[in-house]
Amino acid sequence: MTDALRAEWTKLRTVPGTVWLLLAVVAATMALGLGADAAANCPSGGCQLDPARTSLTGIYLSQAVVAVLAAATIGSEYSSGLMRVTLTATPRRTTVLAAKAVILTALVLAAGTVAVLGSVLAGGLILPAHGFTAAHGYLPLSLRDGPVLRAATGSVLYLILITLLSLGIATAVRDAAAGIGGVLGLLYLIPIIAGIASPHWQRHLHQIAPMTAGLAIQATTSLRSMPISPWAGLGVLAAWAAAALLAAALLLQLRDA
Amino acid sequence: MRSGTVTGGIISAYQSEIGEGPDRFAQLLRAEWTKFRTIRGWLAGMIIAAVVTVGIAALDHASCGGIVVPGGSVTTGQGCSSPVGPGGEAVTDSAYLVHQPLAGNGSITVRLTSLTGQSAGAASAGTTALQPWSKAGIIIKASTRPGSAYAAVMVTGARRVRMQYDYTGDIAGPPGPVSPDSPRWLRLTRSGDTVTGYESADGTRWHVVGTVRLAGLPATALAGLFAASPAGSESAASSSISGSSGGSGMNLATAIFDHVSLSGGQPGQTWAGDDVGGNAGAPTGTGFHQAGGTFSVTGSGDIAPDVPAAPGGGGGFAIEHTLLGIFGALVAVIVVAAMFMTAEYRRGLIKVTLAASPRRGRVLAAKAVVVGSVSFLAGLAGSVAALLAGEHLLRSNGNFIMPVSTLTEVRVVAGTAALTAVTAILALAVGALLRSGAAAVTLVISVVVLPYLLENTVLPAGAADWVLRITPVAGFAIQQSLPQYPQVAASYTPANGYFPLAPWAGFAVLCGYAALALAVAVIMLRRRDA
Numbered sequence: 715m716t717d718a719l720r721a722e723w724t725k726l727r728t729v730p731g732t733v734w735l736l737l738a739v740v741a742a743t744m745a746l747g748l749g750a751d752a753a754a755n756c757p758s759g760g761c762q763l764d765p766a767r768t769s770l771t772g773i774y775l776s777q778a779v780v781a782v783l784a785a786a787t788i789g790s791e792y793s794s795g796l797m798r799v800t801l802t803a804t805p806r807r808t809t810v811l812a813a814k815a816v817i818l819t820a821l822v823l824a825a826g827t828v829a830v831l832g833s834v835l836a837g838g839l840i841l842p843a844h845g846f847t848a849a850h851g852y853l854p855l856s857l858r859d860g861p862v863l864r865a866a867t868g869s870v871l872y873l874i875l876i877t878l879l880s881l882g883i884a885t886a887v888r889d890a891a892a893g894i895g896g897v898l899g900l901l902y903l904i905p906i907i908a909g910i911a912s913p914h915w916q917r918h919l920h921q922i923a924p925m926t927a928g929l930a931i932q933a934t935t936s937l938r939s940m941p942i943s944p945w946a947g948l949g950v951l952a953a954w955a956a957a958a959l960l961a962a963a964l965l966l967q968l969r970d971a
Numbered sequence: 079m080r081s082g083t084v085t086g087g088i089i090s091a092y093q094s095e096i097g098e099g100p101d102r103f104a105q106l107l108r109a110e111w112t113k114f115r116t117i118r119g120w121l122a123g124m125i126i127a128a129v130v131t132v133g134i135a136a137l138d139h140a141s142c143g144g145i146v147v148p149g150g151s152v153t154t155g156q157g158c159s160s161p162v163g164p165g166g167e168a169v170t171d172s173a174y175l176v177h178q179p180l181a182g183n184g185s186i187t188v189r190l191t192s193l194t195g196q197s198a199g200a201a202s203a204g205t206t207a208l209q210p211w212s213k214a215g216i217i218i219k220a221s222t223r224p225g226s227a228y229a230a231v232m233v234t235g236a237r238r239v240r241m242q243y244d245y246t247g248d249i250a251g252p253p254g255p256v257s258p259d260s261p262r263w264l265r266l267t268r269s270g271d272t273v274t275g276y277e278s279a280d281g282t283r284w285h286v287v288g289t290v291r292l293a294g295l296p297a298t299a300l301a302g303l304f305a306a307s308p309a310g311s312e313s314a315a316s317s318s319i320s321g322s323s324g325g326s327g328m329n330l331a332t333a334i335f336d337h338v339s340l341s342g343g344q345p346g347q348t349w350a351g352d353d354v355g356g357n358a359g360a361p362t363g364t365g366f367h368q369a370g371g372t373f374s375v376t377g378s379g380d381i382a383p384d385v386p387a388a389p390g391g392g393g394g395f396a397i398e399h400t401l402l403g404i405f406g407a408l409v410a411v412i413v414v415a416a417m418f419m420t421a422e423y424r425r426g427l428i429k430v431t432l433a434a435s436p437r438r439g440r441v442l443a444a445k446a447v448v449v450g451s452v453s454f455l456a457g458l459a460g461s462v463a464a465l466l467a468g469e470h471l472l473r474s475n476g477n478f479i480m481p482v483s484t485l486t487e488v489r490v491v492a493g494t495a496a497l498t499a500v501t502a503i504l505a506l507a508v509g510a511l512l513r514s515g516a517a518a519v520t521l522v523i524s525v526v527v528l529p530y531l532l533e534n535t536v537l538p539a540g541a542a543d544w545v546l547r548i549t550p551v552a553g554f555a556i557q558q559s560l561p562q563y564p565q566v567a568a569s570y571t572p573a574n575g576y577f578p579l580a581p582w583a584g585f586a587v588l589c590g591y592a593a594l595a596l597a598v599a600v601i602m603l604r605r606r607d608a
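Taken in order, these protein sequences are the chains called P and B. For the first sequence, the working numbering gives the first residue as 715, with consecutive numbering after it. For the second sequence, the working numbering gives the first residue as 79, with consecutive numbering after it.
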């Protein structure tokens, strides 16, 4: 396993795209988060906005970036034929998948932590000027606050789970572009479709969709009206990621590379 | 195959016996079409695109204007159908009308001395609830049937004289306060199908506000006084947030008229009062009092186009509601179109392609034509089927679908197909630029699908407005079937289906992005080694 890990680390490290994608994770999270912070406004009458969620809006975009990183990691091996070399060197195929998962998790953990900390810090600095003040019932955004800490750590975990989901799907379809299309379709389409479903089904869709359920972890206000509680929501996403990885491992074992 | 021949010691180079092929764009198209159709996954992707569009429309379980309250329970809306006006559009036609028959040509003249408003809820009685579009004045109307033709001159809550006709027509007159000190004189004159509205400050010097033709006005129409006040707009509701008044934001408007004169009326007729529209939700308190020559008319509702997003709007659905599944189609089409380009790079096929057709710009053009046409067909098949299936499903669940002209319907459906095609070309061009399928798919989905999701969920209204102006999502404006009416106060937001840009302007933004990407892709394809 150590050798497999080192091999995967070398492969990822020596591709220039990896660094750019990790920087893009930070940039995308921060940029969209800053935009949402700047656009948010909480007038005196009170508002429905969740400050933690607003400053972490960027996760909507950066999840696409980590999905690319994961899908490309496996997809490029198939498109270039490197997969055959990899599997010759490491005949235990699940080890290859596990090694990729571990390395990707470590990278996304690092980039995601920087991105989320930056976003929360920016939110703490910007939002008070837009009406999110104690007078309107908002505490300053700080990681010392339990729910905010949950939203922040949960957002990093969310990015990691999306990475694993994407790795699983891309391995199953053996193509980066088709894999990424499948992942983003799964993430973005269900919330859009939920708009036309009946309220009953809408609630169920939000409970089982990987994105809406997973992002429940970002909620710090009005938890009672959420379709699913924060940690249960992240659990739903974890189940999706586990199912995708399991399917990928099975297909990897059963099929020719 | 024939090897080079040696004749008389001179070695002549090999020349194929096959003649030089025609170097036409048609050949290139055929080559690209062959590449496209022989990959099963790509054809399957296009079929999936069409099927997903219909499948999502079939998931629609909306029921009759039902709305969710924060507790999670569902209430059924009151408006499950709306009357249809002379222009074929859904309308709201409820007001209190004091009328007499008007046989043939004639005119009605009144002096309006006051227009005041009240909230219909008993709890907050006494608060001024005059809406900007509360209205009272005189009207000539075909009948009391909701949706019948009319022309009216009125004073609105915004203190302005206006002439309105056939629900959508709205002509502004001069502004000015209305009070017992400075009353307004209003006059409507019918001559055949033509109705002319006048206003005056003193009853002697009259100004024409407008002249309109009402097709199908019967020989004997109605002439009379009316008052109406639409339900409170959201801004008005939030400003009085402390008192959550009952009566679901219903409002009353009371107008005082005197100097009422009708020429062309039938002798012996008296004034009759009617709650036109007769909606069950009409609040108590409507009616009229006549004391000598003075009339006090109190009414609720609105005579205007039906806007589902308005506080008093019916629960009708716009036709584009059935086309939400196009997002699923777009994801499939983006993946196929990007791979159509990037797959050439994977196995080095691009070198063969460019050797066979050295003019690189034409290769990209041929690919764009092929993938654009296939995507257009997939989008068209999907959206036509989704519209038919979706409308059927909505109607069978008791919903009302906002009627639109055939031309609009064609624009929405063909526009959705065109949207699919242009998005595919954008994905192809981005694929040619990035030469990586995963990156191209992610980038295009992030600019075409993600902003729509964000503006509908997390972005504040101001930011959402800009997203829909400057990102490729602006193209979805082509799906907007209902116009905005300035004379109806409503939240014309993207979430309610109203885009900041006009349909073709929004579509042009998307086309601009695709054209720019394609142009840069051609330049880069020429400059870079394959």
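For every residue, glycine included, the Cβ atom is placed at its ideal position computed from N, Cα and C.
Rounding to the nearest angstrom, what Cα-Cα distance links residue 176 of chain B and residue 239 of chain B in this structure? 20 Å
Pairwise C-alpha distance: residue 505 of chain B and residue 518 of chain B: CA-CA distance, residue 518 of chain B to residue 505 of chain B, rounds to 7 Å.
Identified DSSP bridge partners for residue 814 of chain P: Paired residues: none, contrary to the question.
Helix, strand or coil at residue 961 of chain P [DSSP, three-state]: helix
By the three-class DSSP mapping on this structure, what secondary structure does residue 565 of chain B have? coil
Would you verify that the beta carbon of residue 915 of chain P is, or is not, closer than 9 Å to some beta carbon of chain B? yes
Cβ shell of residue 805 of chain P (< 7 Å), same chain only, five flanking positions each side left out: none
Do three or more CB pairs link the region 834-845 of chain P to the region 897-915 of chain P at distances below 8 Å? no
Cβ-based contacts, 8 Å cut-off: residues of the region 754-781 of chain P near chain B: 754, 755, 759, 763, 767, 768, 771, 774, 775, 778, 779 and 781
Among residues of its own chain, excluding the 5 on either side of residue 458 of chain B, which ones have a beta-carbon nearer than 6 Å to its beta-carbon? 495
Measure the C-alpha to C-alpha separation of residue 948 of chain P and residue 774 of chain P and round it to an integer number of angstroms. Approximately 15 Å, taken between the alpha carbons.
Measuring only between beta-carbons, confirm whether residue 556 of chain B sits less than 9 Å from chain P. no
Among P/943, P/755 and P/944, which one has its Cα closest to the Cα of residue 847 of chain P? P/755
Any beta-carbon of chain B closer than 9 Å to the one on residue 793 of chain P? yes
Starting from residue 533 of chain B, trace the alpha helix (DSSP H) in both directions and tell me its first and last residue. 528-535
Put residue 146 of chain B into one of helix, strand or coil per three-state DSSP. Note that residue 146 of chain B has pLDDT 40, beneath the 50 cutoff, so the model's placement of it is unreliable and no number is given.
For residue 96 of chain B, is the classification buried or exposed, using 16 other Cβ atoms within 10 angstroms of its Cβ as the cut-off for buried? exposed
List in chain order: all unbroken beta strand (DSSP E) runs of 3+ residues lying wholly within the region 341-429 of chain B. 350-354, 365-369, 372-377 and 381-383
Of all the CB atoms in chain P, is at least one closer than 9 Å to the CB of residue 366 of chain B? no
Whole angstroms are fine: how far does the CA of residue 825 of chain P sit from the CA of residue 941 of chain P? 29 Å
Could you check whether the Cβ of residue 606 of chain B sits closer than 9 Å to any Cβ belonging to chain P? no
Helix, strand or coil for residue 238 of chain B per DSSP? strand
Mind the definition here: the region 548-567 of chain B touches the region 447-457 of chain B only if three or more C-beta pairs lie below 8 Å; say whether that holds. no
Would residue 172 of chain B and residue 354 of chain B be called neighbours here (beta carbons separated by less than 9 Å)? yes
State yes or no: is the C-beta of residue 534 of chain B within less than 9 Å of the C-beta of residue 568 of chain B? no
Stretch pair the region 179-196 of chain B + the region 210-223 of chain B: three plus CB contacts closer than 8 Å: Touching, yes, given that three or more Cβ pairs across the two stretches are closer than 8 Å.
Chain P contact residues for residue 337 of chain B, given Cβ-Cβ distances below 9 Å: Going along chain P, no residue has its Cβ under 9 Å from residue 337 of chain B, so there is no contact; the nearest lies around 45 Å.
What whole-angstrom Cβ distance do residue 828 of chain P and residue 769 of chain P have, given they're in contact under 8 Å? Contact flag wrong, Cβ pair sits at about 15 Å.
Count the CB pairs spanning the region 860-877 of chain P and the region 915-923 of chain P that are closer than 8 Å, and state whether there are at least three. no
Interface residues of chain B around residue 902 of chain P at Cβ under 8 Å? 405, 409, 523, 527, 528 and 531
Could you have a look at residue 209 of chain B and say whether DSSP puts it in helix, strand or coil? coil
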